[in-house]
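A.B. asks: Quick one: the structure is below, questions incoming.
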Amino acid sequence: MRIVSLACATPSMRIDNPTFLTLLDERVAADGMPPAARAEVAEKVRHIFDRAGTRERYMLYPPRPGYAASLLQRAAEDALAAAGRDAEDVDLIVYCAVARGWMEPSTAAAAQALIGARNASCFDVMEACAGWMRAIEVAEALMRSGRYRNALVLGVEAGMQDTIMPRGGQTAVLDEHLAGFTLGEAASAVLLEPGEGASPEIVLRSDGELYDVCMIPLPTVSAFLPAEAAAQPEPGRFLSHADRLFTRVITALVGVMRPRLAKGGHEGIDLFILHAASSRAGEVVRRALDIPPEKWLCPHDVFGNTVSMSMPVALDHALRTGRVKKGDRVCFLVGSAGISYGYGILTV
């Protein structure tokens, strides 16, 4: 498999932490939140920024109708233009982001309509922050089977601001809501084709015991939780018990990577890209795996946590800044709700 082209799109607004806090305070004040509660929210959000190493992110505020769709369309059309392909040449579209406006039908079908890829078969892959890596794995296997000549893997993480801070001045901000404030917005599209050379090496594993530590519950959540569940999460609101999630993910990710590095070392890999949920957590992973700083990229401080888009966004950033070039081998590391964790080594 080869990456024919990659394109990313972000909102035009680049928002640093002080600006974000100002906008957040204006928002909750307009909703009627009392001053003391507003001050408490601001202090909690500052604390999570410090813990995660968040400095800035791209985000459209206030959001406007259709802007997530426009980001997705821009990324897809830019990827096709870079490859010199028409939309009607696309055989398969796989949408892999968390953000979506509906559960049915596939968001890939909406992407097909946006770009006019009338000949493409479409479906979604849902695996939280690991969605992009899983979609690459699935698309590569389908192309290798001979069923598709190419695949457009795409997604957009945007338009979900009300899942982070629902409207209503009395809305409580608990510890499990804080990770949502580190999110940024971005779209990406990568065009893939079968090709000669090294095949992708993708290892993704799952640990469902912690499925409930990070989620966006639907109104039907109570029907799917065990009857003895102690608490019912708020439907439609993002939650993440970040300490439990990060502790398990870091341990599991380091555990699966150490044998791989012991066997192959760092020498055959030009760059390691970590899913950018937290700069500080990323540094723990880097040190545990003894990866040299010059081979490491976790741009959480620049983009925030762009969820499933963080790895293609980081790859695009690395290509633009000269950290990698075409033909290099890149190892992507991911830990995700689910929990899912693992790595993928691709030739870019």
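Here the sequence shown is numbered in UniProt numbering, starting from 1 and rising by one per residue. Idealized CB from N, CA, C, for every residue including glycine.
If I follow the unbroken alpha helix (DSSP H) through T22, where does it start and stop?
C.D. replies: Start and end: N17 to A30.
A.B. asks: What number of angstroms, rounded off, separates the C-alpha of A9 from the C-alpha of D89?
C.D. replies: A9 and D89: Cα-Cα distance of roughly 22 Å.
A.B. asks: Can you say whether R57 is buried or exposed, counting buried as having 16 or more other CB atoms within 10 angstroms of its CB?
C.D. replies: Result: buried.
A.B. asks: Give me the Cβ distance between I1 and P217, rounded to the nearest whole Å; I'm assuming they're in contact under 8 Å.
C.D. replies: Before going further, note that residue 1 is Met rather than Ile in the sequence given. Rounded, the Cβ-Cβ distance is 36 Å, inconsistent with contact.
A.B. asks: Counting Cβ pairs, one atom from each stretch, are 3 or more of them under 8 Å apart for the segment 27–38 and the segment 245–265?
C.D. replies: Output reads no: the segment 245–265 does not touch the segment 27–38.
A.B. asks: Have a look at G335, S308 and T321 and flag the residue whose alpha-carbon is nearest the alpha-carbon of A135.
C.D. replies: Checked all of G335, S308 and T321; the closest Cα to A135 is S308.
A.B. asks: So what's R55 in DSSP terms, helix, strand or just coil?
C.D. replies: Three-state result, R55: coil.
A.B. asks: Just how far apart, CA to CA, sit L333 and M133?
C.D. replies: Their backbone Cα atoms lie some 9 Å apart in a straight line.
A.B. asks: Are the CB atoms of S279 and C129 nearer to each other than 7 Å?
C.D. replies: Contact: no.
A.B. asks: Comparing C-alpha positions only, which one of G344, Q112, E294 and L72 sits nearest to S322?
C.D. replies: Per the sequence presented here, residue 322 reads as Gly, with Ser not at that position. G322 has its Cα closest to that of E294, out of G344, Q112, E294 and L72.
A.B. asks: Using the Cα positions of Y343 and H317, report the straight-line distance between them to the nearest angstrom.
C.D. replies: Straight-line Cα distance between these residues: approximately 19 Å.
A.B. asks: Where do the ends of the beta strand (DSSP E) carrying A189 lie?
C.D. replies: Where A189 is concerned, the enclosing beta strand (DSSP E) stretches over A186 to E193.
A.B. asks: Grouping DSSP H, G and I as helix and E and B as strand, with all else coil, what is G344?
C.D. replies: Here G344 sits in strand by DSSP.
A.B. asks: Between the segment 134–152 and the segment 13–22, do three or more beta carbon pairs fall short of 8 Å?
C.D. replies: In short, these stretches do not touch, since the Cβ pair count stays below three.
A.B. asks: Does the structure place the segment 58–76 close enough to the segment 106–123 that three or more beta carbon pairs sit under 8 Å?
C.D. replies: Enough Cβ pairs lie closer than 8 Å, so yes.
A.B. asks: Report all residues from its chain with a CB closer than 8 Å to the CB of V203; omit the five preceding and five following residues, and keep chain order.
C.D. replies: So the list reads V256, R260, G342, Y343 and G344, once near-sequence residues are dropped.
A.B. asks: What three-state label does DSSP hand D124 in the structure shown?
C.D. replies: Looking at D124 - three-state DSSP - the assignment turns out to be strand.
A.B. asks: Report the rounded CA-to-CA distance for S106 versus M126, giving the unit in angstroms.
C.D. replies: Using only the alpha carbons, I get a separation of about 10 Å.
A.B. asks: Which residue from V190, P312 and T247 puts its Cα closest to that of I339?
C.D. replies: It is T247 whose Cα lies nearest to the Cα of I339.
A.B. asks: Going by Cα to Cα distance, which pick from L319, G327 and F303 is closest to P11?
C.D. replies: Considering only alpha carbons, the answer is F303.
A.B. asks: Is the beta carbon of A108 sitting closer than 7 Å to the one on Y95?
C.D. replies: Yes, these two residues count as a Cβ contact at 7 Å.
A.B. asks: State the DSSP-derived secondary structure class of V4, mapped to helix, strand or coil.
C.D. replies: V4 falls in the strand class under three-state DSSP.
A.B. asks: What residue from P233, R205 and T220 has the CA that sits closest to D212's CA?
C.D. replies: Nearest C-alpha to D212: P233.
A.B. asks: With a CB to CB cut of under 6 Å and the five nearest residues on each side skipped, what residues in its chain are close to S310?
C.D. replies: Here the set comprises H275 and A276.
A.B. asks: Hey, quick one: how far does the alpha helix (DSSP H) through G282 stretch, first residue to last?
C.D. replies: Here the alpha helix (DSSP H) through G282 covers S279 to A288.
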